[in-house]
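Q: Start counting the sequence shown at 7; every next residue gets the next number (full-length UniProt numbering).
Quick reminder that beta carbons are idealized off the backbone N, C-alpha and C, glycines included.
In this text, all values refer to a predicted model and were calculated from it rather than measured experimentally.
Mind looking over this structure? Questions follow.
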Amino acid sequence: GSVLGIVGGGQLGRMSAIAAARLGYRAHILTTEADGPAAQVAHAVTLGKYDDHDALRRFANAVDVITFEFENISADGLDLLSSLRPVHPAGAILRISQDRIAEKTFMGEHGIPVAPWHAVESRADLDRAAEVLGYPFILKTTRLGYDGKGQARIHSAADLDPAFDTLRPHPLVAEGMIRFACEVSVMVARNEHGEISTFDVTENRHRNGILDISLAPARISPDLAAQAHDLARRIAAALGLVGLLGVEMFVDHDGSLRVNEIAPRPHNSAHWTMNACPVDQFEMHVRAVTGLKLPPATRHSDAVMKNLIGPDDMALWPEIMATPHLLAHHYGKAEARPGRKMGHVNVIFPLGSLPGEFGVEAALGPLATPADATG
Ligand code: ATP
Ligand code: MG
Ligand code: MG
Numbered sequence: 007g008s009v010l011g012i013v014g015g016g017q018l019g020r021m022s023a024i025a026a027a028r029l030g031y032r033a034h035i036l037t038t039e040a041d042g043p044a045a046q047v048a049h050a051v052t053l054g055k056y057d058d059h060d061a062l063r064r065f066a067n068a069v070d071v072i073t074f075e076f077e078n079i080s081a082d083g084l085d086l087l088s089s090l091r092p093v094h095p096a097g098a099i100l101r102i103s104q105d106r107i108a109e110k111t112f113m114g115e116h117g118i119p120v121a122p123w124h125a126v127e128s129r130a131d132l133d134r135a136a137e138v139l140g141y142p143f144i145l146k147t148t149r150l151g152y153d154g155k156g157q158a159r160i161h162s163a164a165d166l167d168p169a170f171d172t173l174r175p176h177p178l179v180a181e182g183m184i185r186f187a188c189e190v191s192v193m194v195a196r197n198e199h200g201e202i203s204t205f206d207v208t209e210n211r212h213r214n215g216i217l218d219i220s221l222a223p224a225r226i227s228p229d230l231a232a233q234a235h236d237l238a239r240r241i242a243a244a245l246g247l248v249g250l251l252g253v254e255m256f257v258d259h260d261g262s263l264r265v266n267e268i269a270p271r272p273h274n275s276a277h278w279t280m281n282a283c284p285v286d287q288f289e290m291h292v293r294a295v296t297g298l299k300l301p302p303a304t305r306h307s308d309a310v311m312k313n314l315i316g317p318d319d320m321a322l323w324p325e326i327m328a329t330p331h332l333l334a335h336h337y338g339k340a341e342a343r344p345g346r347k348m349g350h351v352n353v354i355f356p357l358g359s360l361p362g363e364f365g366v367e368a369a370l371g372p373l374a375t376p377a378d379a380t381g
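Below, the structure written as structure tokens:
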């Protein structure tokens, strides 16, 4: 049996390792957490920091192919891994997705629509961004942001200095604020033979900057859904992707799509596939990086996914376990810090019967969101 190397020890690595085991592969995890979510279910190679080249070498030499659940490994580290074993997705793809400016530049070069943007390297650049984009706009660090961290919303000139001071000295990018009708995402898998599979479009809702609920299928027109699939396929092909990629998009109020960001790995917004698809995103990921055939990413059910975040949601775990239609996934994290993703719950419905707002809340039972807490 071959060994799949997975860089990163979080829940995405855990669920990828479980999928790998189901297909007869062993998984080795490169992780800074000896007892983290992925290390609990697979062999772990631990290191203090991802720039420990001895550990990277030991890890690479013990596996057959390398993939990622964690995107922010250094360029040097990527080069080292790539010199020792096949790395999928390729380092060049990670470098694009690690940097919002590289990402937007790539999209521009390939005719993929994004929000208007302006690079901010100085305070004067920020004034210029305000002129070009108008208020309100969003200032983001170009690297290392997640769950809405490393961002500031700028409503007027009074917000410029505080936002700049908070986010500096990191390189920044300003983005025009899209008044989106909804946010959607598409997962696309592509293997080395150029076979492509895309999962159905997901509708995503955030709370406090963190993904809260995903609905599949997204409640958008068939025409718009086809456009979203097409964008995802074009991006995957243009990148020469081998692996799995999440493409986050805004549905603008005029009904057009703009790509927000890409993530070349399994994605939180596609966790519903674990219970609503014959082949879920994690198996698709393993298949794509190990050169297996990609089955069509079909769906046998409609689905709602709800993230379990922090101690408040985890306090409901016993109730969740006592509610059989809540299909629960636990990440094995010891400590439920506020804002930390601890697990998720899926609810599935017969195809074509995804309920409206009240039905979704009712189906979530103990996890239903109070009406005043959304947004
Ligand atoms: P993730 O956890 O998805 O990696 P992130 O920290 O990388 O998040 P983004 O996805 O860029 O951040 O932004 C987080 C959320 O903020 C988006 O899902 C969207 O709701 C909102 N947002 C970001 N950029 C814009 C924009 N240009 N216009 C309107 N809303 C935006
Ligand atoms: Mg992101
Ligand atoms: Mg995002």
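Measuring alpha carbon to alpha carbon, tell me which of H273, R185, V71 ends up nearest A195.
A: Looking up residue 195 in the sequence shown gives position 189. When only C-alpha atoms are compared, the closest one is H273.
Q: Could you tell me whether any Cβ in chain B is nearer than 8 Å to the Cβ of G215?
A: In the structure shown, chain B does not exist; there is a single protein chain.
Q: Please state whether DSSP places residue 6 in a helix, a strand or coil.
A: Since the first residue of the chain shown is 7 and the last is 381, residue 6 is not available in this structure.
Q: Just how far apart, CA to CA, sit L357 and L10?
A: As a position in the sequence shown, residue 357 is number 351, starting the count at 1. As a position in the sequence shown, residue 10 is number 4, starting the count at 1. L357 and L10: Cα-Cα distance of roughly 34 Å.
Q: Can you tell me which residues fall inside 7 Å of ligand 2, judged by beta-carbon distance to its nearest heavy atom, and keep chain order?
A: The answer, residue by residue, is G151, Y152, E267, A269.
Q: Leaving out five residues on either side along the sequence, give the residues of the same chain with a beta carbon under 6 Å from the beta carbon of D286.
A: Taking the sequence shown and counting its residues from 1, one reaches residue 286 at position 280. Result list for D286: T279, M280, in chain order.
Q: Check R106 in the structure and name its three-state DSSP category.
A: The residue given as residue 106 occupies position 100 in the sequence shown. Correct three-state label for R106: helix.
Q: In the DSSP assignment, find the beta strand (DSSP E) that holds G252 and state where it starts and stops.
A: In the sequence shown, residue 252 corresponds to position 246, counting from 1. Unbroken beta strand (DSSP E) run through G252: 249–258.
Q: Look up T380 in the DSSP assignment and say whether it is helix, strand or coil.
A: For this step, residue 380 is matched to residue 374 along the sequence shown. Here the model assigns T380 a pLDDT of 49, short of 50, so the residue's position is not dependable and the matter cannot be decided.
Q: From P95 to A164, what does the alpha carbon distance come to, in whole angstroms?
A: Your numbering for residue 95 matches position 89 in the sequence shown. Your numbering for residue 164 matches position 158 in the sequence shown. Their backbone Cα atoms lie some 42 Å apart in a straight line.
Q: In whole angstroms, what is the alpha-carbon distance linking A135 and L166?
A: Numbered from its first residue, the sequence shown carries residue 135 at position 129. Numbered from its first residue, the sequence shown carries residue 166 at position 160. Near 10 Å, if we compare the C-alpha coordinates of L166 and A135.
Q: Closest to M113 by CA distance: which of L263, V51, D41 is it?
A: Numbered from 1 along the sequence shown, position 107 holds the residue referred to as residue 113. It is L263 whose Cα lies nearest to the Cα of M113.
Q: One question on the structure: do I354 and D258 come within less than 8 Å of each other, judged by their Cβ atoms?
A: Taking the first residue of the sequence shown as position 1, residue 354 is located at position 348. Taking the first residue of the sequence shown as position 1, residue 258 is located at position 252. Taking 8 Å as the Cβ cut-off, I354 and D258 do not qualify as a contacting pair.
Q: If you check the beta carbons only, do T73 and I12 fall under 8 Å apart?
A: Working through the sequence shown from its first residue, we reach residue 73 at position 67. Working through the sequence shown from its first residue, we reach residue 12 at position 6. Their beta carbons are under 8 Å apart, which means T73 touches I12 by this criterion.
Q: Rounding to the nearest angstrom, what Cα-Cα distance links D85 and G97 in this structure?
A: Walking along the sequence shown from the start, residue 85 turns up at place 79. Walking along the sequence shown from the start, residue 97 turns up at place 91. About 7 Å.
Q: Of the choices R211, K146, A368, whose alpha-carbon is the least far from that of A180?
A: To locate residue 180, count along the sequence shown from 1; it is residue 174. The shortest Cα separation from A180 among R211, K146, A368 belongs to K146.
Q: So, with DSSP's three-state summary, where would you put H161?
A: Translated into positions along the sequence shown, residue 161 becomes position 155. DSSP places H161 in coil when its eight states are reduced to three.
Q: What's the C-alpha gap between R32 and A294?
A: In the sequence shown, the residue the question calls residue 32 occupies position 26. In the sequence shown, the residue the question calls residue 294 occupies position 288. Using only the alpha carbons, I get a separation of about 16 Å.
Q: Grab me the residues of W123's own chain with a C-beta within less than 6 Å of its C-beta, minus the 5 sequence neighbours each way, in chain order.
A: As a working note, residue 123 is residue 117 in the sequence shown. Here the set comprises K110, V179, E181.
Q: Please indicate yes or no: does the CB of E254 lie closer than 7 Å to some heavy atom of ligand 3?
A: As a first step, residue 254 is located in the sequence shown; it is residue number 248 there, counting from the start. E254: yes, Cβ under 7 Å from ligand 3.
Q: Short of 8 Å in beta carbon distance, which residues of its chain neighbour G381, apart from the five on each side in sequence? Order them along the chain.
A: Position 375 of the sequence shown, counting from 1, holds the residue named residue 381. Legend: pLDDT at G381 = 44, less than 50; position of this residue unreliable, no value from coordinates given.
Q: Since I believe G42 is in contact with G15 (beta carbons under 8 Å), could you give me their beta-carbon distance rounded to a whole number of angstroms?
A: Taking the sequence shown and counting its residues from 1, the one referred to as residue 15 is at position 9. Taking the sequence shown and counting its residues from 1, the one referred to as residue 42 is at position 36. Correct: roughly 4 Å between the Cβ atoms.
Q: For a test of the three-state rule: what should DSSP assign to G19, helix, strand or coil?
A: As a working note, residue 19 is residue 13 in the sequence shown. DSSP places G19 in helix when its eight states are reduced to three.
Q: In angstroms with no decimal places, state the Cα-to-Cα distance between A187 and F256.
A: For this step, residue 187 is matched to residue 181 along the sequence shown. For this step, residue 256 is matched to residue 250 along the sequence shown. Spanning the two alpha carbons is a distance of roughly 8 Å.
Q: Let me check you understand the geometry: is the CB of F74 closer than 7 Å to at least one non-hydrogen atom of ligand 1?
A: In the sequence shown, counting from the first residue as 1, residue 74 sits at position 68. No, the Cβ of F74 stays beyond 7 Å of every heavy atom of ligand 1.
Q: For T204, count the other beta carbons within 10 Å of its own beta carbon; 16 or more makes it buried, fewer makes it exposed. Which is it?
A: Indexing the sequence shown from 1 puts residue 204 at position 198. When all chains shown are included, T204 counts as buried.
Q: Going by DSSP, which residues form a beta bridge with R28?
A: Against the sequence shown, residue 28 aligns to sequence position 22. Its beta-bridge partners do not exist; DSSP assigns none.
Q: Can you tell me where the beta strand (DSSP E) holding N67 begins and where it ends?
A: Translated into positions along the sequence shown, residue 67 becomes position 61. That residue, N67, is in no beta strand (DSSP E); its alpha helix (DSSP H) goes 59–67.
Q: So, at 8 Å on beta carbons, what are the nonlocal neighbours of R239 in its own chain, with the 5 sequence-adjacent residues on each side left out?
A: Sequence index remark: in the sequence shown, residue 239 carries index 233 (1-based). Within the same chain, R239 has close Cβ partners V194, I202, T204.
Q: Smallest Cα separation from T38: which of L132, D60, L53?
A: In the sequence shown, residue 38 corresponds to position 32, counting from 1. Taking only the C-alpha atoms, the option nearest T38 is L53.
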